[in-house]
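There are 2 protein chains.
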Amino acid sequence: MNEFDLVLPTAVDVREVGMRDGLQLEDPLPLAAKLQMLEALVATGVRRIEVTSFVSPRAVPALADADQLAAELHQFDGVHFSALVANPRGAVRAVDAGLTSLEYVVSASDSHSRANAGRPTAAAVAAVGEIAELAHGAGGSLEVIVATAWDCPFEGRTPIARTVDVTRAAVTAGADHLCLGDTIGTTTPVRVVRLLDAVRRASPGTPLGVHFHDTRGTGQANALAALQAGVTQLDASVGGLGGCPFAPGASGNIATEELVYWLADAEVATGIDLDALLAAASVTERAVGHELPSSLHRAGGRNAPRGVVMGSVV
Amino acid sequence: MNEFDLVLPTAVDVREVGMRDGLQLEDPLPLAAKLQMLEALVATGVRRIEVTSFVSPRAVPALADADQLAAELHQFDGVHFSALVANPRGAVRAVDAGLTSLEYVVSASDSHSRANAGRPTAAAVAAVGEIAELAHGAGGSLEVIVATAWDCPFEGRTPIARTVDVTRAAVTAGADHLCLGDTIGTTTPVRVVRLLDAVRRASPGTPLGVHFHDTRGTGQANALAALQAGVTQLDASVGGLGGCPFAPGASGNIATEELVYWLADAEVATGIDLDALLAAASVTERAVGHELPSSLHRAGGRNAPRGVVMGSVV
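For the record, the sequence lines run as chains A and B.
Numbering-wise, the first sequence is residues 1 to 314 according to UniProt numbering.
Numbering-wise, the second sequence is residues 1 to 314 according to UniProt numbering.
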């Protein structure tokens with residue numbers, strides 16, 4: 001047999017999404033608790049944080065304090081903050097609040113787009129240009145995140161060509177970055193690399209990230225596959241926060257600490273300190289008041305407690 | 001960018017270890033419940049099942065019925081059953097019970113070997129020859145499973161050279177197969193492929209499997225890495241059963257259904273039916289009387305319930 005080693009990037013740019021995707025379905029936290037969580041996250045060394053959404057407070061009460069939170073971000077140096085918006089009105093709010101790195105979600109499947117945003121995919125794509133102009137006008141940028149990029153909870157598998165069409169249209173309309181979202185946590189490594197390849201071929205110059213949920217245990221394997229395919233921008237959530245209240249026990253986003261844990265062993269630089277991240281997970285767990293999905297956090301971190309295998313054979 | 005695809009084997013030989021590694025720390029089940037679980041597992045199409053251990057009933061009360069269980073295996077056609085033994089006395093018991101595919105565990109680290117088997121590694125290795133003879137004399141085979149192959153809960157990282165020495169000595173003494181065990185669930189993809197490479201180089205002709213625990217969320221990523229390194233023999237446990245009672249919430253073995261789930265998408269043949277496997281996980285869950293760690297099982301399988309993402313944005 002020949003020597004084999006995994007080919008991975010030398011550095012990865014992790015975006016912490018626990019403040020947004022993680023908290024959006026939780027009971028609303030007081031602003032002080034969010035700032036404590038944010039402080040703990042900034043202390044990890046993470047350089048990109050998706051900090052909130054500018055969306056309807058009725059739809060997402062947990063993020064109704066987006067403007068107040070944005071007003072506090074000047075406290076945190078050296079971190080690139082971004083915010084999610086659902087339409088041009090949200091983009092105006094975000095820019096007015098000083099957040100100019102915008103993310104806008106478009107669902108690749110019509111059924112999900114209707115359920116999530118109240119309009120079909122084409123109508124959602126049609127707003128990209130206006131949101132991009134708002135971002136660019138403020139000196140910022142726009143990332144289009146394609147939801148249901150692999151699978152839709154209503155329609156099943158999303159054809160690769162469909163997702164590619166949405167990404168191509170988004171770039172044509174002014175998107176600076178793309179991100180593919182495995183919204184319901186169903187994709188798997190080989191499907192990951194095939195879609196990434198197709199999207200990259202269609203928009204070769206556009207930075208491309210991935211957003212995985214670990215709902216079926218394949219989240220970190222999907223991340224590994226994406227890195228092997230050359231992706232260096234990954235979303236992850238402290239503690240794996242982001243579970244859906246309609247699926248108790250189901251995991252949320254891939255856990256940032258699990259990602260950083262294996263990347264450190266692979267000598268892939270993230271700039272993130274694992275111990276600080278585990279501490280941030282504990283802060284987050286206290287804030288939300290329930291156990292987080294992350295296995296690494298539940299296992300108590302890198303080292304097994306002494307004697308943990310007594311009585312166990314392998 | 002160039003086209004990229006994951007290079008994986010066309011087929012993988014999964015060994016279901018839920019009956020042994022999964023049950024060994026549970027409260028003892030009645031024989032009838034084990035047979036029900038076994039029947040459900042056989043119905044999945046899995047071709048290799050590690051069915052029990054012939055060890056001290058005081059040390060592992062849950063597997064005290066090894067002889068009785070072995071006497072029932074004639075009911076199940078077309079499945080290759082194996083059993084774990086801890087010493088030559090256990091090997092004699094297994095062979096007398098009609099099980100001749102033996103597995104013998106040697107810990108690569110002395111501290112774990114002493115804690116788990118009451119003797120240092122060298123003394124454990126010294127028994128390989130006698131156990132191999134017993135297996136071969138009965139027309140069977142011996143697999144040596146190296147525990148703490150990557151990490152030891154007492155000593156930390158196991159030097160690669162140490163694990164390689166143990167595997168080489170085992171093969172010299174008569175082992176027909178090797179398996180590397182991530183006993184405490186700490187290894188990560190790059191460490192996986194590096195150790196596999198070193199062991200294969202030392203024992204190029206000997207079949208080599210892997211035994212991962214998903215304690216820190218990297219289990220399926222480790223499996224992906226191992227497959228890319230050319231491994232085709234993987235241990236996995238239905239429902240991810242095998243958690244340690246000293247680490248509540250920690251996951252056990254990698255879940256067979258999560259492995260089969262992504263392998264199916266990758267068109268890697270396993271011969272295992274996913275729906276039958278999820279049914280077997282439900283049978284197992286009822287038998288042990290508590291929730292299983294498998295995320296896929298908890299998520300209800302392949303498809304998300306309709307509407308699961310209502311209110312969620314990505």
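Heads up, the beta-carbon is just placed ideally off N, CA and C, and yes, glycines get one too.
- Using beta-carbon distances, A:D214 counts as an interface residue toward chain B, with a partner under 9 Å.
- In the three-state scheme derived from DSSP, where H, G and I count as helix and E and B as strand, B:A147 is classed as strand.
- Around B:L224, the beta-carbon contacts reaching into chain A at under 8 Å are P189, A221, L224 and A225.
- Using a Cβ-Cβ cut-off of 7 Å, B:G239 is close to nothing in chain A; its nearest Cβ partner there is about 11 Å away.
- In this structure A:N303 is exposed. Its beta-carbon is surrounded by fewer than 16 other beta-carbon atoms within 10 angstroms.
- From the beta-carbon of A:V193, the residues of chain B found nearer than 7 Å are F4, D5 and L6.
- Residue pairing by DSSP puts B:D235 in a beta bridge opposite B:R15 and B:H211.
- Inter-segment contact for the stretch 215-226 of chain B and the stretch 190-204 of chain B is present: three or more beta-carbon pairs are separated by less than 8 Å.
- Judged by beta-carbon spacing, B:K34 lies within the 9 Å limit of B:L23, meaning their Cβ atoms are closer than that value.
- In the DSSP annotation of this structure, the continuous segment of the beta strand (DSSP E) that includes A:E103 starts and ends at S101 to S107.
- Within chain A, the residues R216, G217 and T218 have their CB atoms less than 7 Å from the CB of B:E258, given in chain order.
- Looking at the DSSP output, B:E50 sits in a beta bridge with B:S82.
- A Cβ-Cβ contact shorter than 9 Å links A:G239 with A:P293.
- Under the three-state reduction of DSSP, A:N87 is assigned to coil, being neither helix nor strand.
- Around the beta carbon of B:G118, fewer than 16 other beta carbons lie within 10 angstroms, which makes this residue exposed.
- Per the Cβ contact rule, the stretch 48-63 of chain A is not in contact with the stretch 275-294 of chain A (fewer than 3 Cβ pairs under 8 Å).
- Under the three-state reduction of DSSP, A:G217 is assigned to coil, being neither helix nor strand.
- C-alpha of B:D265 to C-alpha of B:V92: approximately 42 Å in a straight line.
- By the C-beta density criterion, A:L31 is exposed, having fewer than 16 other C-beta atoms within 10 angstroms.
- Sixteen is the threshold: when 16 or more other Cβ atoms of the shown chains lie within 10 Å of the Cβ of B:D235, as they do, the residue is buried.
- Taking 8 Å as the upper bound for CB-CB distance, A:V106 and A:A170 are in contact here, some 7 Å apart.
- About 16 Å separates the Cβ atoms of B:D182 and B:F154, ruling out a contact at the 8 Å cut-off.
- Considering only A:T186, A:P120 and A:S237, the residue with the shortest C-alpha distance to B:H297 is A:T186.
- Neighbours of B:A255 across chain A, judged by C-beta separation under 9 Å: G217.
- Annotation for A:H177: E143 and P207 place their beta carbon closer than 6 Å to its own, counting only its chain and skipping 5 residues before and after.
- The beta carbon of A:E72 sits closer than 7 Å to the beta carbons of L35 from its chain, once the five residues preceding and following it are set aside; these are given in chain order.
- Here the C-alpha atom of A:G45 lies approximately 48 Å from the C-alpha atom of B:G45.
- Taking a Cβ-Cβ cut-off of 9 Å, B:A11 has no neighbours in chain A, whose nearest Cβ is about 15 Å from it.
- Those residues of the stretch 272-288 of chain A placed with their C-beta closer than 7 Å to a C-beta in chain B do not exist.
- Proximity to A:R15 across A:A276, A:V199, A:I272 and A:S111 peaks at A:I272, based on C-alpha coordinates.
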